[in-house]
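Quick notes on the structure that follows.
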Amino acid sequence: MHMSDLSDNRRASAFCDASKIYTTLGDMDQAEQYAMQAVDKAVETRQLQVLPRLSKLASAIQATKPGNAQGRAIQEYVHDAQQRFSN
0 MHMSDLSDNR
10 RASAFCDASK
20 IYTTLGDMDQ
30 AEQYAMQAVD
40 KAVETRQLQV
50 LPRLSKLASA
60 IQATKPGNAQ
70 GRAIQEYVHD
80 AQQRFSN
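Quick note on numbering that gives the first Met the number 0: the sequence shown kicks off at 0 and runs consecutively.
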């Protein structure tokens, strides 16, 4: 494994962490943006262990803010990514 691969592999986790931070700050648009980037990078680099973390974050958003569009969008995006890899 090359160092460049390692840093690229860690980006999915970093995007996930950024999404959590923006959720805590209440900036749901940024939280959604970083969550989507995390899903895309997780799929690209096969770092699928990030997907359950994002699903949990989306569930937490929906639990604290029922009907929140960003939480629902994150959950659906994660679910779609998981479905692609379960088939």
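All residues carry an ideal CB built from backbone N, CA and C; glycine is no exception.
Annotated three-state conformation of Gln36 is helix, per DSSP. Check the Cα spacing between Gln81 and each of Leu56, Arg9 and Val49: the tightest is with Val49.
Selection Leu24, Asp26, Tyr76 and Arg83 evaluated against Arg52 yields Tyr76 as nearest (Cα-Cα).
In the DSSP assignment, Arg52 falls within the alpha helix (DSSP H) that extends over Val49 to Thr63. At the C-beta level, Phe14 and Gln46 stay beyond 8 Å of one another.
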